[in-house]
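Enquirer: If you scroll down you'll find the structure; I have some questions about it.
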Ligand code: SAH
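Following this line, the structure appears as structure tokens:
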């Protein structure tokens, strides 16, 4: 339906009716007002392409406006009933109202849009033989796209956020205690979650149990304004491939008596718990890390498996949160790398070395580079425990470390695997890679926009010396706008 709105209707505070046509970044949808593609763009969060909505303009800039959704007048065919009653209030899943197939398509389109529009990459000139490459359909979760996280970090707060329906219920509500997840954009307000479909029914039951236990015993939640209260976070780890379960209670001070009482309660009501850790964070920053970790019972670690190897996961260790999809992501990366038995591989931004170890038995040697020293220690310990002898892990900042001396010491790589953080690679790192000109590069990214820019830079500084062979988005975070994307490149000789 052609949009009848005019750009002049888009005044701040004005109520408008419009039909959304496309998905936009960060889980919003957009409509174009005015002439074709050159029209003025209006973003509406919470709406879906195909929705006819009533919305109120709250931001007006030179080329776009943003409007707040007031009512869906005609729902889009892409809509499904969100599973969770906290949908829209909770920062956890923003796309539950979009059918899963449509979510996967949106992610694929996002990757393609980023490469073409932001990276200026002509996909028609790439592909193994230069005859074009397409972005493959997003590899989605097999089976139910829920309960996929192996780790959840719930927060305690003395500042509870009430949902509209909680207020409407007329019940007497305890506003000074919440255990759940943050409301988007509010560092202080926490939803008191009675249900959550991200981790497991066990962890949701645990949250409800811990809340009752804490209230019964008069243990106070953290007050972010006054920096008082005892309970700060409840971190739950439930590995995908073992039955182990870690509960990590983050408190503001050490209190062995209370912890003993909690341990007894936990063992009685949640006997599946294999280890209980008490992290003490007395600082102001609301993180689940602290100055001290006390193992209350059990080994203080859990184990999970990716590929052939088992990984030991400490309370503060980094580990991919969707084990099953991470393994598929690595399989895609390994396939695109076209490994040869005598390959020297650099695994740059290697975290705890899970990719390195996943590929180690297919190649001669892997050199991993990672900024966080603790992650490098994890990587070394993981490799040693698994008897993997052909991986070396180096800690340091890629920008400083990745020099000709580094290459002289470790050897000229045949394959580069890069998996940088959301910000992408530093332009100088891209240039160093361009100067190195390895035969194959596999770029794993959690942010297609920065990935596109990095590739643009790499192609420019090698004078088009690489061809994109394959592009495969993988969904590690269903119901969120996040997507991982893997791109395989080969040097043109
Ligand atoms: N490849 C890993 C994790 C990738 S996440 C896996 O699959 O599990 C990105 C990693 O890059 C993080 O571990 C982060 O600590 C690291 N990192 C961020 N900036 C860096 C830099 N400048 N130099 C080296 N590593 C960096």
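In this note's numbering, the protein residues as written are 8 to 500. A virtual CB, placed ideally from N, CA and C, is assigned to each residue, including glycine.
1) For residue 277, list the residues DSSP reports as bridge partners.
2) First and last residue of the beta strand (DSSP E) that includes residue 311?
3) Please confirm if the region 417 to 430 is in contact with the region 345 to 357, defined as three or more CB-CB distances below 8 Å between the two stretches.
4) Measure from the alpha carbon of residue 333 to the alpha carbon of each residue in 481, 73, 63, then state which is nearest.
5) Under a Cβ-count criterion, where at least 16 other Cβ atoms within 10 Å of its own Cβ denotes burial, should residue 483 be classed as buried or exposed?
6) Classify residue 379 as buried or exposed, calling it buried when 16 or more other Cβ atoms lie within 10 Å of its own Cβ.
7) In or out: residue 407 buried (at least 16 other Cβ within 10 Å) or exposed?
8) Given the structure, does residue 358 come close to the ligand SAH, in the sense that its CB is under 7 Å from one of the ligand's heavy atoms?
9) Suppose the cutoff is 6 Å on Cβ atoms and the five residues either side in sequence are ignored; what does the same chain contact list for residue 147 look like?
10) Excluding five sequence neighbours on each side, which residues of the same chain lie with their C-beta closer than 7 Å to the C-beta of residue 487?
11) Which residue's Cα is closest to the Cα of residue 456: 65, 114, 276, 280?
12) Grouping DSSP H, G and I as helix and E and B as strand, with all else coil, what is residue 158?
13) Taking the continuous beta strand (DSSP E) assigned at residue 117, which residues delimit it?
14) In three-state terms, what does DSSP make of residue 455?
15) Are the CB atoms of residue 197 and residue 168 within a distance shorter than 8 Å?
16) Would DSSP call residue 230 helix, strand or coil?
17) So what does DSSP say about residue 216, is it helix, strand or coil?
18) Quick one: what's got a C-beta closer than 7 Å to residue 9's C-beta in the same chain, skipping five residues either side?
19) Could you tell me which whole alpha helix (DSSP H) segments of length 4 or greater appear in the region 312 to 357?
20) Do the region 329 to 348 and the region 280 to 287 touch if we need at least three Cβ pairs shorter than 8 Å?
21) Within 10 angstroms of the Cβ of residue 224, are there 16 or more other Cβ atoms? Answer buried if so, exposed if not.
22) Return the residue from the list 227, 345, 221, 159 that minimises the CA-CA distance to residue 209.
23) For residue 479, write down the residues that DSSP places opposite it in a beta bridge.
24) Say the cut is 7 Å; is the CB of residue 404 nearer than that to a heavy atom of the ligand SAH?
25) Which residues in the same chain as residue 323 place their Cβ atom closer than 6 Å to its Cβ, once the five residues preceding and following it in sequence are excluded?
26) In its own chain, which residues sit with a C-beta less than 6 Å from the C-beta of residue 451, not counting the 5 before and 5 after it?
27) The ligand SAH and residue 377: does any heavy atom of the ligand fall closer than 7 Å to the residue's C-beta?
28) Taking its Cβ as the centre, do 16 or more other Cβ atoms sit within 10 Å of residue 18, making it buried, or is it exposed?
29) Any heavy atom of the ligand SAH closer than 7 Å to the Cβ of residue 494?
30) Could you round the C-beta distance between residue 241 and residue 228 to whole angstroms and report it? I think they count as a contact, below 8 Å.
Expert: Looking at the coordinates:
1) Note: residue 277 sits in no beta bridge, so no partner.
2) Residues 309 to 313.
3) With the cut-off at 8 Å, the region 417 to 430 and the region 345 to 357 touch.
4) 481
5) The C-beta of residue 483 has 16 or more other C-beta atoms within 10 Å across all chains shown, which makes the residue buried.
6) exposed
7) exposed
8) yes
9) Here residue 147 has 111, 482 as same chain residues with Cβ atoms under 6 Å from its own Cβ, once five neighbours each way along the sequence are excluded.
10) 100, 101, 102
11) 114
12) Here residue 158 sits in strand by DSSP.
13) Unbroken run through residue 117 is the alpha helix (DSSP H), 107 to 120; no beta strand (DSSP E).
14) helix
15) yes
16) strand
17) helix
18) Reliability of the predicted coordinates at residue 9 is poor, the pLDDT of 48 falling under 50, and the value obtained from them is presented with this limitation in mind. For residue 9, where only same-chain residues beyond five positions count, there are no Cβ hits under 7 Å.
19) 330 to 344
20) no
21) Residue 224 comes out exposed.
22) 159
23) 493
24) yes
25) 296
26) 340, 426, 493
27) yes
28) The residue is exposed, with fewer than 16 neighbouring Cβ atoms inside 10 Å.
29) no
30) Between residue 228 and residue 241 the Cβ distance is about 11 Å, and since that is not below 8 Å, they are no contact.
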